[in-house]
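In terms of my numbering, the sequence shown opens at residue 299 and continues consecutively.
Note that CB positions come from ideal geometry on N, CA and C, so glycine has one too.
Data block below; observations after.
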Amino acid sequence: IVDGRFWTAVGDISRLVSEFEPFFLNHVRDDALIEIKPGFSRDDVAVLRNADGARLIFLFNNSAEQKVFEFRNLSPLPNARLRDYYENKDLSNSVNVSVEVKSLDVKVLVYGP
Numbered sequence: 299i300v301d302g303r304f305w306t307a308v309g310d311i312s313r314l315v316s317e318f319e320p321f322f323l324n325h326v327r328d329d330a331l332i333e334i335k336p337g338f339s340r341d342d343v344a345v346l347r348n349a350d351g352a353r354l355i356f357l358f359n360n361s362a363e364q365k366v367f368e369f370r371n372l373s374p375l376p377n378a379r380l381r382d383y384y385e386n387k388d389l390s391n392s393v394n395v396s397v398e399v400k401s402l403d404v405k406v407l408v409y410g411p
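This is the structure we're talking about:
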């Protein structure tokens with residue numbers, strides 16, 4: 299079924315890929331750069347790293363309930379900040395992180411200078 303939600307999702311991911319095209323063309327998948335708290339599956343996380351060490355962190359929630367992901371950024375970068383891409387807001391702690399991910403949603407975090 300193709301409806302407005304479908305086109306909204308296509309637009310959202312297109313904007314992300316357009317803005318961070320180098321991550322998708324020349325990235326290293328490096329999930330080991332974050333340490334997830336017990337109780338979460340590594341399958342629910344993907345980390346893309348570029349040559350400068352900046353990261354795109356994807357948190358996937360395929361459950362029927364909202365989840366709070368807790369993780370620690372390993373190998374922190376100097377003067378790095380962590381930003382929620384779709385909400386366009388900085389998170390207060392870029393190393394020890396706790397974020398809510400809505401049911402059946404993906405949270406994209408941008409980590410770097």
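Query, Result
"In chain order, what residues of the same chain have a beta carbon less than 7 angstroms from the beta carbon of Ile334, not counting five sequence neighbours either side?", "Arg340, Val343, Phe369"
"Measuring only the C-alpha atoms, how far is Ala307 from Val406?", "13 angstroms"
"Start and end of the beta strand (DSSP E) containing Ala344?", "343-347"
"Within 10 angstroms of its Cβ, does Asn359 collect 16 or more other Cβ (buried), or is it exposed?", "buried"
"For Ala349 and Val395, I'd like the C-alpha separation in whole angstroms.", "23 angstroms"
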